[in-house]
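Engineer:
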Amino acid sequence: MTSDPASVLLSQLARHWKGLLILGIVFVVLGTLGLGAVGLFTLVGVLWFGAILIFGGVLQIVQAFRASGLPRSLLFLAIGLLYTLLGLYVVSQPQAAASALTLLIALALMLTGLLRLLLAWQMSPVVSPWLPALTGVLGLVLAAMIFSEWPESSAWVIGLFIAIELLLNGWMLIMVALTVRRRASS
């Protein structure tokens, strides 16, 4: 006898609703704190990114030496060294790294905004294009805000985005926890 996948998921989530609720509250608190400390969150985010690059680079270098018999192990080594050096640069120059990353974020927002507007235009004969158009315009507005304040915006953009992500994820976890608790008890 097989169970309905939705019922199984509800049952599993309902058993852990308190943990989800607590985690959601922690994320909301951290996100709220982050809104008041975007500079600190930017610094921590950039340093974390640098640490991940270093860690990944070292693992790649180790793998290159472990697979030294392979004809392309030199390429693995080069990639590992590049990651490690980039990570060391990010950690040693977090302000410059934040500035570069902020510029990349603004470029990504601008390009995705333009693509969403194109998508809205292409979808208009079939479905209502308002949501892709709205998200496209918002992406362009965010990009313009970041570009107009760059490089000063690099002190707050990354931290603000991290704080907003923590808030959104926290509220989502809280809503899931309360919903599964209510559905499981009914």
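Residue numbers (the working numbering): 525 to 710.
Every residue, glycine too, gets a C-beta built ideally from N, C-alpha and C.
1. According to DSSP, simplified to helix, strand and coil, what is Gly637?
2. Ignore the nearest five residues each way along the sequence and tell me which others in Leu610's own chain have a CB closer than 6 Å to its CB.
3. Could you tell me how far apart the beta carbons of Thr626 and Ser677 are, in whole angstroms, since I believe they sit closer than 8 Å?
4. Compare the Cα-Cα distances from Phe573 to each of Ala632, Tyr613 and Lys542 and report the closest residue.
5. Leaving out five residues on either side along the sequence, give the residues of the same chain with a beta carbon under 8 Å from the beta carbon of Ser535.
6. Less than 8 Å between the beta carbons of Trp680 and Val570, yes or no?
7. Does DSSP put Ser527 in a helix, in a strand, or in coil?
8. Quick check on the DSSP output: what are the complete alpha helix (DSSP H) runs of length 4 or more inside the stretch 534-565, in order along the chain?
9. How many Å lie between Ala701 and Val532 at the Cα?
10. Given a threshold of 16 other Cβ atoms within 10 Å of its Cβ, counted over all protein chains shown, does Gly543 qualify as buried or as exposed?
Structural biologist: By the coordinates alone:
1. As a working mapping, residue 637 is identified with position 113 in the sequence shown. If DSSP states are grouped into helix, strand and coil, Gly637 belongs with the helices.
2. Here residue 610 is taken as the residue at index 86 of the sequence shown, counted from 1. Closer than 6 Å at the Cβ level, and outside the excluded window around Leu610, lie Leu577.
3. Walking along the sequence shown from the start, residue 626 turns up at place 102. Walking along the sequence shown from the start, residue 677 turns up at place 153. The pair is a contact, with the Cβ atoms about 6 Å apart (cut-off 8 Å).
4. Mapped onto the sequence shown, residue 573 falls at position 49. For the residues Ala632, Tyr613 and Lys542, the minimum Cα distance to Phe573 belongs to Tyr613.
5. Taking the first residue of the sequence shown as 1, we reach residue 535 at position 11. If we look at Ser535 and ignore the five residues flanking it on each side, its Cβ neighbours are Ala708.
6. Mapped onto the sequence shown, residue 680 falls at position 156. Mapped onto the sequence shown, residue 570 falls at position 46. The answer is no: Cβ separation not under 8 Å.
7. As a working note, residue 527 is residue 3 in the sequence shown. Coil, per DSSP.
8. 541-560
9. The count along the sequence shown starts at 1 and reaches residue 701 at position 177. The count along the sequence shown starts at 1 and reaches residue 532 at position 8. The alpha-carbon atoms of Ala701 and Val532 are separated by roughly 15 Å.
10. As a position in the sequence shown, residue 543 is number 19, starting the count at 1. The residue in question, Gly543, is exposed, as its Cβ has fewer than 16 Cβ neighbours within 10 Å.
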